[in-house]
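Below is one structure; the comments refer to it alone.
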Amino acid sequence: MVHEYNDPGCRRRSRLNLSGYLLHSTVNGPGTRAVVWVQGCPIRCKGCFNQASWPFSPAHIVPAEELATRILAADGIDGVTFSGGEPFAQAGPLADVAERVIDAGLTVVTYSVDTFKQRTSSRDPDYRRPLAVTDLLSSGPFRACLAGWAPDCGSANQQV
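Our numbering puts the first residue of the sequence shown at -8, with every later residue one more than the last.
Now the structure itself:
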């Protein structure tokens, strides 16, 4: 399913549709991190705590270059965490940000509802770009019946 913010035109312009972002967090991955929540999720897991991020309607459109600059200007962070929505629904622009972050010596954590196998078997080359620069990937759909404390996961079925 191609959405307006992941169509070829938006890839050339490299813009992200964000639900929000935070420049300093200590609960969304190891250390102190910037956190980016993308807008839009085709999976819509039952029991998801972030249902406001499901619609693909425009929320906050931000050029990838501008977002990367904001993240890199944040003092005292160890990296960035991408969450959602589904980050891979905007894989190309997300990779543009992630590549700048990695080049600056910071780390990248990505939370995705798709499985690692789904990501690596995709024919869309943009799906592989964020994987190549992700230091920690938490993948798999959220399952409310398996929710509980699992490091770096929302439910026990997810893989790191």
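Idealized CB from N, CA, C, for every residue including glycine. All figures in this text were calculated on a predicted structure; none of them were measured in a lab.
Handout entry: Exposure label - Arg35; buried when at least 16 CB within 10 Å
Key = With a 10 Å radius around the Cβ and a threshold of 16 neighbouring Cβ atoms, Arg35 comes out exposed.
Practice task
State the Cα-Cα distance for the pair Thr76 and Leu7, rounded to the nearest angstrom.
Solution key: One point to set straight first is that residue 76 is Gly, not Thr, in the sequence displayed. Approximately 12 Å between the Cα atoms of the pair.
Exercise for the section: Measure the CB-CB distance between Gly70 and Arg24 and report whether it falls below 7 Å. Expected result: Closer than 7 Å, so yes.
Exercise for the section: For Arg120, I'd like the list of residues in its chain whose CB is within less than 6 Å of its CB, leaving aside the five on either flank, ordered along the chain. Expected result: Here Arg120 has Ala86 as same chain residues with Cβ atoms under 6 Å from its own Cβ, once five neighbours each way along the sequence are excluded.
Problem - Same chain only: Cβ atoms within 6 Å of Tyr163, ignoring 5 sequence neighbours per side - result: Since the first residue of the chain shown is -8 and the last is 151, residue 163 is not available in this structure.
Handout entry: Beta-carbon spacing of Tyr12, Val29 below 7 Å
Key = Contact: no.
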